[in-house]
Amino acid sequence: MRRALDTAITVKAVCPHDCPDTCGMVVTVDTTSGRAIDLRGDKEHPFTRGFLCQKVNNYLERVYHPDRLLHPLKRVGRKGEGKFTRISWEEAVRTISEKFKEISRSDDGPQSILPYSYAGTMGKLMYSSLDRRFFHRLGASLLDRTICATAGAVGCDVTLGTRAMIDPEAAVNARYIVNWGSNTSVTNIHFWKVEHEARKLGARIVTIDPYKSPTAQKSDWWIPIRPGTDAALALGVMHIIFREGWQDDAYLSNHCVGEKELRDRALNEYPPEKVSHITGLSVEEIERFAREYARSQELFGGPALIRLNYGLQRHGGGGMAVRTIVCLPALTGDWKHPGAGAFLSTSKAYPFDDHYLTRPDLIPRGTRTINMVNLAEALHGELPGPPVKALFVYNSNPAAVNPDQSRVLSGLAREDLFTVVHDQFQTDTADFADIVLPATTQLEHFDIHNSYGHLYVQSNNQAIAPLGESKPNTEVFRLLARAMGFEPELFEESDEQIAARSIRDGAVFPSPARREGKEQPEALRGITLDATKAGPVRLNLPANWAPFANGEFPTLSGKCELYSEREARAGRDPLPHYVPPHEDPQTKPELAAKYPLQLLTPPATPFLNSTFVNVDTLRKNAGERTLEIHPTDAASRGIADGQMVNVFNGRGRFRAKALVRESVKPGVVVSLGLWWRKFTDDGANCNTTTSTATTDFGGGATFFDNLVEVAAL
Ligand SMILES: Nc1nc2c(c(=O)[nH]1)N[C@H]1C(S)=C(S)[C@@H](COP(=O)(O)OP(=O)(O)OC[C@H]3O[C@@H](n4cnc5c(=O)[nH]c(N)nc54)[C@H](O)[C@@H]3O)O[C@H]1N2
Ligand SMILES: Nc1nc2c(c(=O)[nH]1)N[C@H]1C(S)=C(S)[C@@H](COP(=O)(O)OP(=O)(O)OC[C@H]3O[C@@H](n4cnc5c(=O)[nH]c(N)nc54)[C@H](O)[C@@H]3O)O[C@H]1N2
Ligand code: SF4
Ligand SMILES: [Mo]
Numbered sequence: 012m013r014r015a016l017d018t019a020i021t022v023k024a025v026c027p028h029d030c031p032d033t034c035g036m037v038v039t040v041d042t043t044s045g046r047a048i049d050l051r052g053d054k055e056h057p058f059t060r061g062f063l064c065q066k067v068n069n070y071l072e073r074v075y076h077p078d079r080l081l082h083p084l085k086r087v088g089r090k091g092e093g094k095f096t097r098i099s100w101e102e103a104v105r106t107i108s109e110k111f112k113e114i115s116r117s118d119d120g121p122q123s124i125l126p127y128s129y130a131g132t133m134g135k136l137m138y139s140s141l142d143r144r145f146f147h148r149l150g151a152s153l154l155d156r157t158i159c160a161t162a163g164a165v166g167c168d169v170t171l172g173t174r175a176m177i178d179p180e181a182a183v184n185a186r187y188i189v190n191w192g193s194n195t196s197v198t199n200i201h202f203w204k205v206e207h208e209a210r211k212l213g214a215r216i217v218t219i220d221p222y223k224s225p226t227a228q229k230s231d232w233w234i235p236i237r238p239g240t241d242a243a244l245a246l247g248v249m250h251i252i253f254r255e256g257w258q259d260d261a262y263l264s265n266h267c268v269g270e271k272e273l274r275d276r277a278l279n280e281y282p283p284e285k286v287s288h289i290t291g292l293s294v295e296e297i298e299r300f301a302r303e304y305a306r307s308q309e310l311f312g313g314p315a316l317i318r319l320n321y322g323l324q325r326h327g328g329g330g331m332a333v334r335t336i337v338c339l340p341a342l343t344g345d346w347k348h349p350g351a352g353a354f355l356s357t358s359k360a361y362p363f364d365d366h367y368l369t370r371p372d373l374i375p376r377g378t379r380t381i382n383m384v385n386l387a388e389a390l391h392g393e394l395p396g397p398p399v400k401a402l403f404v405y406n407s408n409p410a411a412v413n414p415d416q417s418r419v420l421s422g423l424a425r426e427d428l429f430t431v432v433h434d435q436f437q438t439d440t441a442d443f444a445d446i447v448l449p450a451t452t453q454l455e456h457f458d459i460h461n462s463y464g465h466l467y468v469q470s471n472n473q474a475i476a477p478l479g480e481s482k483p484n485t486e487v488f489r490l491l492a493r494a495m496g497f498e499p500e501l502f503e504e505s506d507e508q509i510a511a512r513s514i515r516d517g518a519v520f521p522s523p524a525r526r527e528g529k530e531q532p533e534a535l536r537g538i539t540l541d542a543t544k545a546g547p548v549r550l551n552l553p554a555n556w557a558p559f560a561n562g563e564f565p566t567l568s569g570k571c572e573l574y575s576e577r578e579a580r581a582g583r584d585p586l587p588h589y590v591p592p593h594e595d596p597q598t599k600p601e602l603a604a605k606y607p608l609q610l611l612t613p614p615a616t617p618f619l620n621s622t623f624v625n626v627d628t629l630r631k632n633a634g635e636r637t638l639e640i641h642p643t644d645a646a647s648r649g650i651a652d653g654q655m656v657n658v659f660n661g662r663g664r665f666r667a668k669a670l671v672r673e674s675v676k677p678g679v680v681v682s683l684g685l686w687w688r689k690f691t692d693d694g695a696n697c698n699t700t701t702s703t704a705t706t707d708f709g710g711g712a713t714f715f716d717n718l719v720e721v722a723a724l
């Protein structure tokens, strides 16, 4: 025991997962064996404060999992059969580069190669650096990475010119906190802690969600909105604010454009009775919410904050819903107060030099872009441009996470498709690979991180040597670039050199002052790589930073655009409005006659998207695949609590155990978690039923815009 302690060192690391919290971690390594023996939260991290979620508390089980991929493999069985044999890195790199050269020389050219990645790791180097440079230099098709956040990103941009953001540490000042399509207590646990601290000081916590999520259960008030109707609710709230004269006239006239137009729209078109019909909420609920939200100063002693997240974006009108909701703090003037207003993501507060990291200038002119949500269509040759002949997957598990799973799988099963998968595990996607490459985990490589849930820059120091022959993403693309004969100056800097330069040459936080040539406080000024290696460093932003307290919106007008001239010029409605879901019982009665239930499939607490499903402890915590259904809907289908059911529509089906609960309203059903096919009895997950239709803004995914029927098995 003592001996082990004598030879142990601690290393500061960062959780790399797609989660707003970006926790600081401390890894204890036994220097004799070189093994990590302990991993816990970094107590010195000002925001994540020493605790981790259940997923990453079990991280060493993932790092040292017996199923870790440790060597490159090549396929020996049929496509998708999952039979592989070990090969050397030299053979793997030669096979891939020869194939890429052959495809590039063919008539279809390099655009028939498609990179496919998302957020298996959020480190700046591993998420997007040499990989992007490589595919840009190669002239491969571009991938539009829309699967999660683009609807709301573009929605925010229309109104605010950037993401809705606050200083998350200041949110303790808020006195009315609205979790709007956000399961904060599960998906953002450190912010939930801040909400909880505000509550101890008198704040009310409200959750707007069709599902009584863990967050809704712990809130003071659950507002069970009908899926995909949030814009209508927000416009109803505006109607009541203008009707009652509760708006902040000074903020509106100084910092906004389009107040009059928006007022007319809300007053004429969104009376509470109509909003009640659309949202399924009572007029009393809508009136009460508007009053409490708009008058939080008098009623609860402080400003209001909307924590809006991703749940409400995954519908046909998800972009417009976000554009509309982020108008609200301008009406109330909540932006004036630190920690109040609306909060989607802090990522834009970090002026990392993404141009340098990814080198978009290398992209050949006219290169086509493929929306990742449409992978099924891309693999079946249904998109414009050359066929997809090769697919290179990293940081993602599309066989589990993409909509229209059956068609994704039949596409991946094409014998003529050359597929490479770089991952830490033999995922459902890796089963379809021709070449599998082993990836390092976060303990085995260096990276630098921003965050979308706080304001600290952090370095992830390498704690242990790579397991087996696994390699980090950057190293894989260095090897491939050499084999392709690409310019060494694009690829031969070390990871630490790249990280240092990405913060040194950061652009400034965009604001109107910048356009006028005035110098902005540079959020990264003075922050060195060495400092971030020693611990989290806060961006150079004042304590209690309130980015829009004095307006300064980075829009074309420099104001909050309640009316958007840019939208008008693009031939779209310049004002917020309600866009119904693609599959809505109110607007698509014929479809709803066959498939009457709106299915939501949000994440399960013990998993992170499809990551961790293969970690035994966490899979046990997740239990079985379930479907929560209201007693009335269960009774009319003869479904008993605990019975197995089929969930299906025209796209596909999957099995789950019925939980008959009032956690949903009639007409809504919920199935949690993105399971791996190989851990199910029917070889399918919820994404067999989801659609590849995209959102109004940003080409985002519409996972929760999904009509199904349910039948007892
Ligand atoms: N434990 C855990 N944490 C995670 C993740 C995970 O998989 N597991 N995933 C991470 C990632 S990648 C992301 S993007 C975030 C997502 O973070 P969140 O956005 O908080 O997560 P979701 O659970 O997808 O959606 C939040 C809630 O929105 C509700 N919702 C669905 N449709 C609507 C609607 O039309 N209107 C409203 N108002 N609510 C609606 C859902 O029922 C759900 O309870 O979480 C991150 N954190
Ligand atoms: N039905 C439904 N579908 C959804 C969602 C939903 O709520 N419902 N959520 C959606 C959302 S919000 C998101 S963000 C997407 C997530 O989609 P993905 O980003 O594909 O997420 P994961 O399932 O976590 O898969 C990430 C993979 O990257 C691998 N990986 C981790 N680190 C590294 C690394 O350093 N190098 C390499 N090469 N690989 C690595 C992991 O092992 C894992 O297999 O899923 C979406 N799909
Ligand atoms: S997944 Fe999120 S909460 Fe869990 S350790 Fe990572 S950053 Fe923290
Ligand atoms: Mo996500």
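Be aware that the sequence shown starts at 12, since it is given in the numbering used here, and climbs by one per residue.
No residue lacks a Cβ here, since even glycine has one placed at the ideal position from N, Cα and C.
Alpha carbon to alpha carbon, how far is residue j from residue i? Give it in angstroms, no decimals.
| i | j | result |
| --- | --- | --- |
| residue 650 | residue 657 | 11 Å |
| residue 75 | residue 637 | 29 Å |
| residue 184 | residue 88 | 60 Å |
| residue 715 | residue 493 | 43 Å |
| residue 585 | residue 413 | 32 Å |
| residue 201 | residue 713 | 27 Å |
| residue 640 | residue 546 | 46 Å |
| residue 405 | residue 206 | 35 Å |
| residue 291 | residue 242 | 13 Å |
| residue 343 | residue 257 | 7 Å |
| residue 300 | residue 220 | 14 Å |
| residue 685 | residue 148 | 34 Å |
| residue 334 | residue 659 | 32 Å |
| residue 542 | residue 548 | 7 Å |
| residue 513 | residue 398 | 35 Å |
| residue 213 | residue 378 | 54 Å |
Assign residue i to one of two classes, buried (16 or more other C-beta atoms within 10 Å of its C-beta) or exposed (fewer than that).
| i | result |
| --- | --- |
| residue 227 | buried |
| residue 126 | buried |
| residue 65 | exposed |
| residue 48 | exposed |
| residue 357 | buried |
| residue 20 | exposed |
| residue 642 | exposed |
| residue 192 | buried |
| residue 375 | exposed |
| residue 724 | exposed |
| residue 604 | exposed |
| residue 572 | buried |
Excluding the five sequence neighbours on either side, which residues of its own chain have a C-beta within less than 8 Å of the C-beta of residue i, listed in chain order?
| i | result |
| --- | --- |
| residue 25 | 33, 34, 35, 36, 134, 453, 458, 460, 469, 470, 471 |
| residue 159 | 29, 129, 130, 321, 711, 712 |
| residue 283 | 247, 250, 251, 294, 297, 298 |
| residue 690 | 624, 625, 630 |
Only counting the same chain, and skipping five residues up and downstream in sequence, which positions put a Cβ closer than 7 Å to that of residue i?
| i | result |
| --- | --- |
| residue 136 | 458, 459, 485, 506, 509, 510 |
Just list the residues that DSSP pairs residue i with in beta bridges.
| i | result |
| --- | --- |
| residue 460 | 469 |
| residue 352 | 316 |
| residue 35 | 25 |
| residue 639 | 670, 681 |
| residue 222 | 675 |
| residue 609 | 679, 718 |
| residue 655 | 668 |
| residue 482 | 450 |
Which same chain residues end up closer than 6 Å to residue i when comparing Cβ atoms and leaving out the 5 residues on each side of it in sequence?
| i | result |
| --- | --- |
| residue 670 | 637, 639 |
| residue 688 | 439, 694 |
| residue 39 | 19, 21, 48, 49 |
| residue 403 | 126, 431 |
| residue 408 | 438, 440, 621 |
Considering only heavy atoms of ligand 3 and the C-beta of each residue, which residues fall inside 5 Å, strictly closer? 26, 28, 30, 32, 34, 63, 64, 67
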